[in-house]
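Position one of the sequence shown corresponds to residue 463 (the numbering used here), numbered consecutively onward.
Report on the following structure.
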Amino acid sequence: MNVILFGPPGAGKGTQSALMVEKLGMAHISTGDLFRENMKNETPLGKKAKEYVDSGALVPDQVVIDMVDDVLQKLGGKSFILDGFPRTVPQAEALEALLKKNSMNIEKAVFFEVPQNILLGRLTGRRVCKNCGATYHIEFKPTAKEGVCDSCGSDQVVQRKDDSEDVIQTRLDAYDKSTAPLKEYFQKTGQFVSIDGLGETDKVFSEIKSVVAP
Ligand code: ADP
Ligand code: ADP
Ligand code: ZN
Numbered sequence: 463m464n465v466i467l468f469g470p471p472g473a474g475k476g477t478q479s480a481l482m483v484e485k486l487g488m489a490h491i492s493t494g495d496l497f498r499e500n501m502k503n504e505t506p507l508g509k510k511a512k513e514y515v516d517s518g519a520l521v522p523d524q525v526v527i528d529m530v531d532d533v534l535q536k537l538g539g540k541s542f543i544l545d546g547f548p549r550t551v552p553q554a555e556a557l558e559a560l561l562k563k564n565s566m567n568i569e570k571a572v573f574f575e576v577p578q579n580i581l582l583g584r585l586t587g588r589r590v591c592k593n594c595g596a597t598y599h600i601e602f603k604p605t606a607k608e609g610v611c612d613s614c615g616s617d618q619v620v621q622r623k624d625d626s627e628d629v630i631q632t633r634l635d636a637y638d639k640s641t642a643p644l645k646e647y648f649q650k651t652g653q654f655v656s657i658d659g660l661g662e663t664d665k666v667f668s669e670i671k672s673v674v675a676p
């Protein structure tokens, strides 16, 4: 089964995706990760995305859509997770055409229900490994040794530049304005499922599993 994960920044999409890759063998497509990778390598795509990502604005739809088009064509047969895409109604419409072109189908769009007041603490406390992408939290999921990644041993566990408080506010505003309307969109297509994003990571994962691998 192929799925979309959506919800506000900090809702836990990346964390749950990692578990779905590990425990369900799915392929993870994160548009945020792809932009950061391209920015790190200073590719033309990375240069195009940088000003938007750094300021917390959404990258223009067509740039994201073209990138996802490329990725879908290279997937092979694995079940996949779209994490952070689509993020606007025009992206969702474009995705339908891309899926059709590739004879693919997405069964569910899983919405992470997390109250606004929880998100800020999750985002300001988030730390990520620059080497392997593993995600931590200073309070809820600290590394065993400060600044050192449990997964790969690199000492580059850092705060994302866009996880500063002012940029977070811009991202939350972009979510409210452009992404929240997708709830209604996926209710209409019949793909919408809501899960409770609060509580232990394992508890959230079992709820996702009951949707994705019932
Ligand atoms: P988070 O997981 O915290 O919500 P992401 O890693 O998904 O953040 O995204 C980081 C940034 O990448 C976004 O703030 C935005 O600038 C850009 N981005 C990622 N996905 C999209 C998308 N589908 N459309 C537009 N911009 C995107
Ligand atoms: P998203 O990809 O939706 O932006 P992340 O998966 O990166 O969200 O999670 C944001 C932050 O919250 C990370 O620091 C992560 O470790 C932490 N986190 C994720 N899930 C939970 C949870 N269920 N309880 C507490 N903290 C969580
Ligand atoms: Zn690492």
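Every residue, glycine too, gets a C-beta built ideally from N, C-alpha and C.
What is the DSSP secondary structure of residue i, counted as helix, strand or coil?
i    : result
F468 : strand
L520 : coil
L537 : coil
Just to confirm the assignment, what range does the alpha helix (DSSP H) spanning residue i have?
i    : result
F667 : T663 to V674
In this structure, what does DSSP give as the bridge partners for residue i?
i    : result
L544 : I466 and I491
For ligand 5, any of its heavy atoms closer than 7 Å to the Cβ of residue i?
i    : result
S613 : In the structure shown, ligand 5 is absent; the only ligands present are ligand 1, ligand 2 and ligand 3.
Secondary structure, beta strand (DSSP E): runs of 3+ residues fully inside the stretch 560-630: 570-575, 588-591 and 597-599
Complete runs of the alpha helix (DSSP H) confined to the stretch 473-532 [at least 4 residues]: The alpha helix (DSSP H) runs of length 4 or more contained entirely in the stretch 473-532 are, from start to end of the chain, 475-486, 493-502 and 506-517.
Any 3 or more C-beta pairs closer than 8 Å across the stretch 563-573 and the stretch 642-659: yes
Inter-stretch contact at 8 Å, needing at least 3 Cβ pairs: the stretch 492-505 / the stretch 523-534: yes
Sequence ranges, beta strand (DSSP E) only - wholly within the stretch 633-662, length at least 3: 654-658
Touch test, the stretch 538-551 against the stretch 470-488, Cβ-Cβ under 8 Å, three pairs minimum: yes
Given 8 Å, three or more beta-carbon pairs between the stretch 498-517 and the stretch 581-588: no
Contact the stretch 629-641 vs the stretch 601-617: 3+ CB pairs below 8 Å: no
Cβ contact check for the stretch 553-569 and the stretch 474-488: 3 or more pairs under 8 Å: The stretch 553-569 vs the stretch 474-488: no contact.
Inter-stretch contact (C-beta, 8 Å, three-pair minimum) for the stretch 613-625 and the stretch 658-673: no
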